[in-house]
Amino acid sequence: MNEYEAIYAAVKRIPRGRVCTYGGVAALAGLPGRARMVGYALFALPEGTRVPWHRVINAQGKLSLERVVPGGGLQQRFRLEREGVEFDAGGRVSLARYGWKSTEY
DNA sequence: CCACTGACGAGTG
DNA sequence: GCACTCGCCAGTG
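Next up, the structure:
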């Protein structure tokens, strides 16, 4: 299994209605400290690959997709809200409430 | 081989 | 809470 697949597998473990940080996904994938690799892998995510990528956000509770394509974060936000994840006035997610840890579930 | 870039994180001011 | 810097490492030219 290459590192990308390991990352995808880690993302698939995130329960519905929860979110995980890039660093968290990296750790689950066995790539501690390689948060950027997670972002790189998700950027190169082939369409058709069933991965809940929208549940992956940065440590600040923001949607990083917005950095790449302004406006693209709306789609991610909609998907999360549809799962019951709430956003604050700043458009950020409370990791204290929705952050997922591998020890749970 | 080198320089630069990037869905990031942690530390600093 | 925000802006900046540095460390991280695969891709790209």
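1 is the number of the first residue of the first sequence in my numbering; add one for each residue after it.
Glycine included, each C-beta is placed from N, C-alpha and C at the ideal position.
Taking its Cβ as the centre, do 16 or more other Cβ atoms sit within 10 Å of valine 69, making it buried, or is it exposed? exposed
Thinking C-alpha only, which one of Gly99, Gln76, Met1 is nearest glycine 91? When each option's Cα is compared against that of glycine 91, the closest is Gln76.
Cα separation between glycine 72 and alanine 10? 23 Å
What does the alpha-carbon distance come out to for the pair phenylalanine 87 and glutamate 3? Take the alpha-carbon of phenylalanine 87 and the one of glutamate 3: they are about 31 Å apart.
Relative to the C-alpha of leucine 42, which residue among Val25, Gly84, Gly30, Pro32 is closest? Val25
If I follow the unbroken alpha helix (DSSP H) through glycine 72, where does it start and stop? Careful: glycine 72 lies outside any alpha helix (DSSP H) and carries neither H nor E.
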